[in-house]
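Residue numbers (the working numbering): 515 to 723.
Next comes the structure, spelled out in structure tokens:
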């Protein structure tokens, strides 16, 4: 089976939000510029919009892809939040240096962990870490997603994180999850981030996207 490269994977993750009109103008430009030169992603977009018949594709491949969309939507939300930050920084650099915006040199680290906590639905809280690593291998930002809290605890933590007691930003409630950015590992090298995650969260597997 043909392996989808990193740019295609990011674009295909963003397509559901793009179709629904949930992505911003800069993200739309990034998606459209990629689709203009990538027949694979163009075909996926058309299939999701229902503009062409299923017979024009490898049915097994498309069915498997569509089955995975629902599972990947929540991960996409976290990645999109990070992309917005990256793109905003890129725009400032573009204006000041008059250089073309590039976000393809960034790498994403992703890991999941489980920890025991009270006032959760099943006695556990489930976390996802997503870090942005620039072309020099340095961490620029980290997005954390927590789920598993009961409604009362979820709202309590959400209000706390929006206060000055927590060093976090861009705090959001998405369904039954809390999403927020932290700068704890900013300026750390990629391997340093991995080592800290493994130690602090008892993580064995860290994915690079």
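Even for Gly, the Cβ is constructed at its ideal location relative to N, Cα and C.
query, result
"Determine contact between the region 679 to 696 and the region 619 to 634, defined as no fewer than three beta-carbon pairs at a distance below 8 Å.", "no"
"With 16 as the cutoff for other CB atoms within 10 Å, does residue 661 come out buried or exposed?", "buried"
"State the DSSP-derived secondary structure class of residue 613, mapped to helix, strand or coil.", "Reliability fails at residue 613, whose pLDDT of 46 lies under 50, so the model's placement of it is uncertain and no value is given."
"Taking the beta carbon of residue 663 as the centre, do at least 16 other beta carbons fall within 10 Å, making it buried, or is it exposed?", "buried"
"Determine the contact status of residue 645 and residue 623, defining contact as a CB-CB distance below 8 Å.", "yes"
"CB residue 701 to CB residue 652, shorter than 8 Å?", "yes"
"From residue 682 to residue 699, what does the alpha carbon distance come to, in whole angstroms?", "12 Å"
"Name the one or two DSSP bridge partners that residue 693 has.", "659, 686"
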